[in-house]
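> Residue numbers (our numbering): 1127 to 1369.
Each residue gets a CB set at the ideal place from its N, CA and C atoms; glycine is no exception.
These figures come from a predicted structure and were not determined experimentally.
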């Protein structure tokens, strides 16, 4: 029997059983490799956000704390210099291998005072049009926000200039391979687009950054990733995952 996992994260005001908030202020963090991902418009989906996909990005890091193999996913909203008050309201992970990513922890190295996500079993809007997204997944429903008003003023979302982090136990090389072969799919839902619109995007490209660095404690990781993104981010479009 095929086993499929869908991890869907939404804005919340309180924690849920499926995820815990990361609270390890003194751990030595070894980040050895980064990969930067762009997002693409969903084929045959809504078009209201098609011109804004470039403002959203995903950093995937090899993140080791206390000798545990972990992978950090950081979702950024870079629409700082636009008139669009967009915010990321949902992220979703879709994969078949139950051992690929385990023990999700929300809000790791967030940037932004009010960014607060958790999990909820809802399907990503327009995911039925995302290439290779599991069509047999029985989890249904759209975006559901329980931590604030469902509009462009939702402070718990990833607003302009902010970043959301999710940490999983998992092997970095396996995760990158799964993203490349699309046995792991990642999507986001964005609200606050023009005329109150919303749209979904999915991760499609990668640029690895090989320089190893060590970061002590928390809070520094986001700054380090931001600097590296500025250095390497323009290269993202050069390597496209074959769909």
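#1: Compare the C-alpha of residue 1184 against each of 1162, 1196, 1167, 1173 and name the closest.
#2: How would you label residue 1224, buried or exposed, when you count the other beta carbons within 10 angstroms and need 16 or more for buried?
#3: What's the C-alpha gap between residue 1202 and residue 1164?
#4: Closest to residue 1314 by C-alpha separation, out of 1220, 1208, 1160, 1196, would be which residue?
#5: Below 8 Å, how does it come out for the segment 1229-1242 and the segment 1299-1310: are there three or more Cβ pairs, yes or no?
#6: My output table needs one value for residue 1197: the three-state DSSP class, helix, strand or coil.
#7: Is it true that the CB of residue 1228 sits closer than 8 Å to the CB of residue 1292?
#8: Can you find the residues in the same chain that come closer than 6 Å, C-beta to C-beta, to residue 1176, ignoring five residues on each side of it along the sequence?
#9: I believe residue 1213 touches residue 1285 by the beta-carbon criterion, under 8 Å. Please report the beta-carbon distance rounded to the nearest angstrom.
#10: In the structure shown, what three-state DSSP assignment does residue 1369 receive?
#11: Return helix, strand or coil for residue 1169, following the three-state DSSP convention.
#12: Shortest alpha-carbon distance to residue 1210 belongs to which of 1319, 1238, 1288, 1327?
Working from what's here:
#1: Cα-wise, what sits closest to residue 1184 is 1162.
#2: Taking all protein chains shown into account, residue 1224 has fewer than 16 neighbouring C-beta atoms within 10 Å of its C-beta and is therefore exposed.
#3: Using only the alpha carbons, I get a separation of about 10 Å.
#4: Of the listed residues, the one whose Cα sits closest to residue 1314 is 1220.
#5: Because the criterion of three Cβ pairs below 8 Å is not met, the segment 1229-1242 and the segment 1299-1310 do not touch.
#6: DSSP places residue 1197 in strand when its eight states are reduced to three.
#7: Taking 8 Å as the Cβ cut-off, residue 1292 and residue 1228 do not qualify as a contacting pair.
#8: Answer for residue 1176: 1167, listed in chain order.
#9: 5 Å between Cβ atoms; contact.
#10: Low confidence applies to residue 1369: its pLDDT is 29, below 50, so where it sits in the model is not reliable, and the reading given next is rough at best. Three-state DSSP puts residue 1369 in coil, outside helix and strand.
#11: Three-state DSSP puts residue 1169 in coil, outside helix and strand.
#12: Considering only alpha carbons, the answer is 1319.
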